[in-house]
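**Student:** The listed protein sequences derive, respectively, from chains A and B. The first sequence begins at 1 in the numbering used here and counts up one residue at a time. The second sequence begins at 1001 in the numbering used here and counts up one residue at a time. Idealized CB from N, CA, C, for every residue including glycine.
2 protein chains.
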Amino acid sequence: MKGKRAEFGDKACAIARALGVIGDWWSMLIIRDALAGKRRFGEFQASLGLAKNILSTRLQKLVAHGVLAVVPASDGSAYKEYVLTAKGEKLYLLTVALWQWGEEFCFAPGELTYDMVDKDTCKPLQPLELRAADGRIIGPRDMRAMARPAADLRRTRKAGTRVRR
Amino acid sequence: MKGKRAEFGDKACAIARALGVIGDWWSMLIIRDALAGKRRFGEFQASLGLAKNILSTRLQKLVAHGVLAVVPASDGSAYKEYVLTAKGEKLYLLTVALWQWGEEFCFAPGELTYDMVDKDTCKPLQPLELRAADGRIIGPRDMRAMARPAADLRRTRKAGTRVRR
DNA sequence: CTGTATCCTTAAAGATACTG
DNA sequence: CAGTATCTTTAAGGATACAG
Chain A
1 MKGKRAEFGD KACAIARALG VIGDWWSMLI IRDALAGKRR FGEFQASLGL
51 AKNILSTRLQ KLVAHGVLAV VPASDGSAYK EYVLTAKGEK LYLLTVALWQ
101 WGEEFCFAPG ELTYDMVDKD TCKPLQPLEL RAADGRIIGP RDMRAMARPA
151 ADLRRTRKAG TRVRR
Chain B
1001 MKGKRAEFGD KACAIARALG VIGDWWSMLI IRDALAGKRR FGEFQASLGL
1051 AKNILSTRLQ KLVAHGVLAV VPASDGSAYK EYVLTAKGEK LYLLTVALWQ
1101 WGEEFCFAPG ELTYDMVDKD TCKPLQPLEL RAADGRIIGP RDMRAMARPA
1151 ADLRRTRKAG TRVRR
């Protein structure tokens, strides 16, 4: 988070690169709000309570990385709205992983919090599960990193620039 | 990441709290290494290439939050080893979410990277899927936050202090 | 080899004023 | 309301010396 210090965007590790994009304390909260349907500068600011210049910087960074896109305001005003791209929307899995972990381990019993629910039924979502190719559930010690070319199982790069809605 | 600035640890949002614990640029990489089996100070330092004092601070913070635990060195030396607690191990889902997103969106075609594979078969893991209580797959726009008491679906708080291995 | 303690640099976070 | 531009603060990150 210093800046001159470590640069994560060019590391060979996918985790490091992802952190280079959304690995600061505000970005994932912006994503959370965007997933909740927020799109205006003021909505984000009111929700997050951070300084406007900081929010401005963060939004610009996320736009530069193709996570958010700027579109004309839907109410006909001259302002911008910030909407998730396909790349940004895909962060919902990360959001949920963060949410479920935080909920399980970062609250004292009885503390009030919010839960992620299925929009249709309003029932809680299942905890995320990781599965092997054959469907077996994979635990923390059943996996490892393995070198291979990045090309094969990825979608087109342009997908990241398509906007939601 | 500044410090005096925003405090995330006491927010009502589980995401904010989780970010208060592992929401900086180094912690998730330490977790990644710990999941890969690293446990010694020097192993982390060599792998991450960060200053020793920073690593020391990060390790202490993770220990303080119950993500890592200090155990006597397994080789009989007087040194410490840092092992994941159950709370820390559970971060493997977050790690994989980060990994899969980074791999899909943060690499140019043809760039070399590492993949997460099933340790037994060495085959790639399935992309994470989010499911509703009834098993339906949930996309980014099929969920929302809902207020409720934190007490009901959480495990015991002590689980976080149990160490791995 | 493991760390901790110091010192330094810098840029991230905040406050705030200002423009459209 | 929506942002940009300045200015200040401060602590995070780094380098390095030092201790067990």
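1) Does the stretch 12 to 28 of chain A come into contact with the stretch 1023 to 1035 of chain B, if we say contact requires no fewer than three beta-carbon pairs (one atom in each stretch) closer than 8 Å?
2) Distance cutoff 8 Å, beta carbons only. Does Val223 of chain A sit that close to anything in chain B?
3) Tell me the rounded alpha-carbon separation between Lys1080 of chain B and Ala1145 of chain B.
4) Rounded to whole angstroms, what's the CA-CA distance from Thr1095 of chain B to Gln100 of chain A? Just pull it up for me.
5) Which residues in chain A have a C-beta closer than 8 Å to the C-beta of Thr1057 of chain B? List them in chain order.
6) Just how far apart, CA to CA, sit Asp33 of chain A and Gly66 of chain A?
7) Starting from Tyr1174 of chain B and walking both ways along the beta strand (DSSP E), at which residues does that stretch end?
8) What does the Cβ neighbour count give for Ala18 of chain A, buried or exposed, with the cut at 16 atoms within 10 Å?
9) CB-CB under 7 Å to Lys52 of chain A, same chain, minus the five flanking residues each way: which ones, in chain order?
10) In chain order, what residues of the stretch 1006 to 1020 of chain B put their CB closer than 7 Å to some CB of chain A?
11) Does Tyr79 of chain A get closer than 8 Å to chain B when you measure Cβ to Cβ?
12) My output table needs one value for Ala1147 of chain B: the three-state DSSP class, helix, strand or coil.
13) Measure the C-alpha to C-alpha separation of Ala1133 of chain B and Pro1140 of chain B and round it to an integer number of angstroms.
14) Mind checking whether Ala36 of chain A and Leu1093 of chain B have CB atoms under 8 Å apart?
15) Which runs of the beta strand (DSSP E), 3 residues or longer, sit entirely within the stretch 61 to 93 of chain A?
16) Looking at chain B, is there any beta carbon in it that lies within less than 8 Å of the beta carbon of Asp118 of chain A?
17) Within the same chain, show all residues whose beta-carbon is closer than 8 Å to that of Pro1103 of chain B, passing over the 5 residues directly before and after it, in chain order.
18) With DSSP as the reference, label Ile137 of chain A as helix, strand or coil.
19) Three-state secondary structure (DSSP) at Leu112 of chain A?
20) Considering Cα atoms alone, identify which of B:Lys1038, B:Ala1108, B:Ile1137 is closest to Leu1059 of chain B.
21) By the criterion of Cβ-Cβ separation under 8 Å, what are the contact partners of Arg144 of chain A in chain B?
22) If you follow the alpha helix (DSSP H) that Gly1042 of chain B is in, where does it begin and where does it stop?
23) Pick from B:Arg1136, B:Cys1013, B:Ile1031, B:Ile1015: whose alpha carbon is nearest that of Ala1086 of chain B?
24) I need the DSSP call for Asp1142 of chain B, collapsed to helix, strand or coil.
**Tutor:** Let me lay it out:
1) Judged by pairs of C-beta atoms under 8 Å, the stretch 12 to 28 of chain A touches the stretch 1023 to 1035 of chain B, as three or more such pairs exist.
2) Summary: the structure shown does not reach residue 223 of chain A, with chain A confined to residues 1 through 165, and so no result is reported for it.
3) 41 Å
4) 13 Å
5) Near Thr1057 of chain B there are no residues of chain A at all, since even the closest Cβ is about 13 Å away, more than 8 Å.
6) 17 Å
7) There is no way to answer for residue 1174 of chain B, as the model of chain B reaches only from 1001 to 1165.
8) buried
9) Gln45
10) Ala1006, Phe1008, Ala1012, Cys1013, Ala1014, Ile1015, Ala1016, Arg1017, Ala1018, Leu1019
11) Not an interface residue.
12) strand
13) Approximately 16 Å between the Cα atoms of the pair.
14) no
15) 68 to 72, 80 to 84
16) yes
17) The question names Pro, yet the displayed sequence has Glu at residue 1103 of chain B. Within the same chain, Glu1103 of chain B has close Cβ partners Thr1113, Asp1115.
18) strand
19) strand
20) B:Lys1038
21) Here the neighbours are Ala1036, Met1116, Val1117, Lys1119.
22) The continuous alpha helix (DSSP H) containing Gly1042 of chain B extends over residues 1041 to 1048.
23) B:Ile1031
24) coil
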